[in-house]
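Remarks on the structure that follows.
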Amino acid sequence: MPIVTIKAVRGVHDILPADTARWQRLEAVSRQVFEAYGYKEIRPPIFERTELFARGIGEVTDIVQKEMYTFEDRSGESLTLRPEATASVLRAYVEHGLHVLAKPVRLYTVGPMFRYERPQAGRYRQFHQLNLEAIGENHPALDAEVIGVLMELFRRLGLADRLTLSLNSIGDPACRPAYREKLVAYLRQNAGRLCGECRERTERNPLRALDCKKPDCQEVLDTAPSILDALCKECGEHFARVRQYLEALSLPYVVTPRLVRGFDYYVRTTFELLTGELGAQNAVAGGGRYDGLVQLLDGPPDPGIGFAVGMERVVLLLPPDAQDAVPLALLIPLGDKALVRLLPVAQAMRHSGVTVEVGYGVRKLRNELDRANRLKVPYVVILGESELEKGEALIREMGSGTQRPVPLDRLEAELIALGGVGRGAEPPSEVR
RNA sequence: GUGAGCGUAGCUCAAUUGGUCAGAGCACUGGACUGUGGCUCCAGGGGUUGAGGGUUCAAUUCCCUUCGCUCACCCCA
Numbered sequence: 009m010p011i012v013t014i015k016a017v018r019g020v021h022d023i024l025p026a027d028t029a030r031w032q033r034l035e036a037v038s039r040q041v042f043e044a045y046g047y048k049e050i051r052p053p054i055f056e057r058t059e060l061f062a063r064g065i066g067e068v069t070d071i072v073q074k075e076m077y078t079f080e081d082r083s084g085e086s087l088t089l090r091p092e093a094t095a096s097v098l099r100a101y102v103e104h105g106l107h108v109l110a111k112p113v114r115l116y117t118v119g120p121m122f123r124y125e126r127p128q129a130g131r132y133r134q135f136h137q138l139n140l141e142a143i144g145e146n147h148p149a150l151d152a153e154v155i156g157v158l159m160e161l162f163r164r165l166g167l168a169d170r171l172t173l174s175l176n177s178i179g180d181p182a183c184r185p186a187y188r189e190k191l192v193a194y195l196r197q198n199a200g201r202l203c204g205e206c207r208e209r210t211e212r213n214p215l216r217a218l219d220c221k222k223p224d225c226q227e228v229l230d231t232a233p234s235i236l237d238a239l240c241k242e243c244g245e246h247f248a249r250v251r252q253y254l255e256a257l258s259l260p261y262v263v264t265p266r267l268v269r270g271f272d273y274y275v276r277t278t279f280e281l282l283t284g285e286l287g288a289q290n291a292v293a294g295g296g297r298y299d300g301l302v303q304l305l306d307g308p309p310d311p312g313i314g315f316a317v318g319m320e321r322v323v324l325l326l327p328p329d330a331q332d333a334v335p336l337a338l339l340i341p342l343g344d345k346a347l348v349r350l351l352p353v354a355q356a357m358r359h360s361g362v363t364v365e366v367g368y369g370v371r372k373l374r375n376e377l378d379r380a381n382r383l384k385v386p387y388v389v390i391l392g393e394s395e396l397e398k399g400e401a402l403i404r405e406m407g408s409g410t411q412r413p414v415p416l417d418r419l420e421a422e423l424i425a426l427g428g429v430g431r432g433a434e435p436p437s438e439v440r
């Protein structure tokens with residue numbers, strides 16, 4: 009190895025072959041679930057004008073203030089690698105007039121996000137999200153639907169019983185300011201028992217003080233006024249109906265009045281899917297309603313709701329794949345003549361969608377068999393001088409060690425017959 | 001951005017109070033075994049011990065700096 013090696017940038021990581029099967033499974037199941045609910049994929053670019061995120065996420069949020077990958081392109085324009093997907097999706101929604109479609113417009117997207125944070129367990133600078141958005145409808149049944157999609161995804165992944173759904177309503181511009189005042193008053197009253205940061209938050213962003221983890225602050229916050237008692241009539245009713253629909257769908261949840269989220273744009277319903285298995289990074293997914301955001305991005309006054317799933321965190325929870333896909337057979341030619349005869353056989357099998365590997369005819373049979381053993385292939389085809397003379401090849405079953413001659417012109421058909429039994433193209437995996 | 005712990009072969013890890021300490025296992029390639037594997041034995045490739053500097057007769061070991069990893073704060077997916 010050279011003295012100076014180029015390594016991956018801090019906080020980003022390679023997804024290696026040993027893990028890609030899990031990733032592919034997660035993506036496949038997600039698409040199945042989302043599309044079953046009528047959501048269509050959209051693929052926005054991974055960078056946008058910086059202004060889009062500044063406006064959409066909120067100028068005073070941590071993400072915008074200190075976590076964005078922002079750079080100037082050669083024309084001097086300020087661009088930013090997306091730290092989240094919703095702003096991009098809504099920008100595309102407005103830009104291409106998708107609001108004329110039958111509402112709600114149901115969209116999802118899958119891909120990398122970028123945030124400049126200190127890497128940690130389950131937290132990366134480039135990470136991947138599944139994002140789902142339902143735009144143009146404010147009926148509480150849509151809130152329940154979106155949460156239902158999320159829960160169905162995790163049910164299909166077999167993870168539902170290891171996660172809990174936290175649910176809250178954070179009101180809207182009609183009622184939140186009043187609550188904010190009450191909370192600030194309470195926090196000021198008890199400022200002496202709060203940590204320094206929470207005292208700062210009291211003035212700058214009081215809602216964020218609610219999820220401070222320090223025990224002393226928790227104690228103070230336990231008796232703080234609850235947002236749920238301060239909701240206006242409309243918000244209270246909306247929340248009650250969301251709960252009613254979730255119950256109708258038998259979806260368990262825990263009302264968490266102190267659940268606040270990092271983006272400014274959320275109103276009313278907010279939710280998180282939490283796990284106890286990932287250390288400090290306990291949120292596997294999060295989302296909420298964002299009525300008003302489309303308008304903020306120069307679009308029509310369409311309401312919306314959506315969620316994001318952290319794929320790395322899900323993958324960490326998924327059990328490792330039981331078994332790698334292995335080729336059906338290793339074709340072992342002994343010598344170049346045999347190689348020439350086997351190459352088209354391999355090609356034909358691959359045309360049929362059956363995976364095989366071919367040796368190069370230069371190694372000893374012993375070593376090739378040893379290799380076949382380690383590849384865990386169930387069958388091996390041996391073609392040497394004597395077989396060539398007789399116009400046949402040997403098919404050896406590695407498990408039993410038995411082998412039988414097969415006429416060369418029947419070889420391909422025989423192998424495909426062997427591969428037809430539960431091998432080759434796997435049906436879409438139904439993950440329990 | 002703050003704090004703590006840790007960086008030795010592709011992987012997992014050794015190396016007495018600084019003194020043959022640069023090693024083992026796994027993996028890889030080959031040989032023992034002229035065309036029949038899973039066992040065993042043997043051999044080989046691969047490291048300026050993360051990088052740079054300092055202390056010392058001598059540094060993997062001690063000190064400083066730096067980079068990276070891990071965990072926590074913070075934030076969130």
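Just so we're aligned, residue 9 is where the first sequence starts under the working numbering, counting upward by one.
We treat Cβ as the ideally placed atom computed from N, Cα and C, and that holds for glycine.
Please read these numbers as outputs of a predicted model, since none were measured by experiment.
In the DSSP assignment, T94 falls within the alpha helix (DSSP H) that extends over 94-103.
According to DSSP, T88 shares a beta bridge with E56, T78. Cβ-Cβ distances below 6 Å link E365 to P335, L338 in the same chain, with the five nearest sequence neighbours on each side left out; the list follows chain order. Between the beta-carbon of P52 and that of T117 there is about 7 Å, and that keeps the pair under the 8 Å contact cut. Excluding five sequence positions before and after V228, the CB atoms of its chain that fall closer than 7 Å to its own CB belong to N198, R201, L202, given in chain order. Beyond the five residues adjoining it in sequence on each side, R269 comes within less than 7 Å, by CB distance, of T278, G294, G296 in the same chain, given in chain order. Residue environment analysis places Q73 among the exposed positions, since fewer than 16 neighbouring C-beta atoms fall within 10 angstroms of its C-beta. Considering only L426, V323, E420, the residue with the shortest C-alpha distance to L165 is V323. Where H147 is concerned, there is no enclosing alpha helix (DSSP H), because DSSP gives it neither an H nor an E. The Cβ-Cβ distance between R133 and G19 falls below 8 Å. A straight line joining the alpha-carbon of P112 with that of Y47 spans about 10 Å. Contact between M319 and L34 holds: CB atoms are separated by about 6 Å, below the 8 Å threshold. For A16, the secondary structure class from DSSP, reduced to helix, strand or coil, is coil. Residue pairing of S177 in beta bridges, as defined by DSSP: T277.
In this chain, the beta strand (DSSP E) harbouring I143 covers 134-143. Taking each of R82, A401, D22 in turn and checking the Cα distance to E420, the smallest one comes out for A401. Beta-bridge annotation (DSSP): R114 is paired with A142. When the alpha-carbon of G369 is set against those of Y387, R412, L350, the nearest one is in L350. About 13 Å separates the beta carbons of M357 and I403, which is beyond the 8 Å limit, so they are not a contact pair. The alpha-carbon separation between E125 and E75 amounts to approximately 6 Å.
In summary, F135 is buried, with 16 or more beta-carbon neighbours lying within 10 Å of its beta-carbon over all protein chains present.
Within the segment 260-328, the beta strand (DSSP E) runs of at least 3 residues that lie entirely inside it are, in chain order, 275-282, 291-297, 312-318.
Your pair L373 and L342 checks out as a contact, with CB atoms roughly 6 Å apart and the cut at 8 Å. For M406 and P413, the gap between their C-alpha atoms comes out near 15 Å. Per DSSP, Y387 is one residue of the beta strand (DSSP E) stretching across 387-391.
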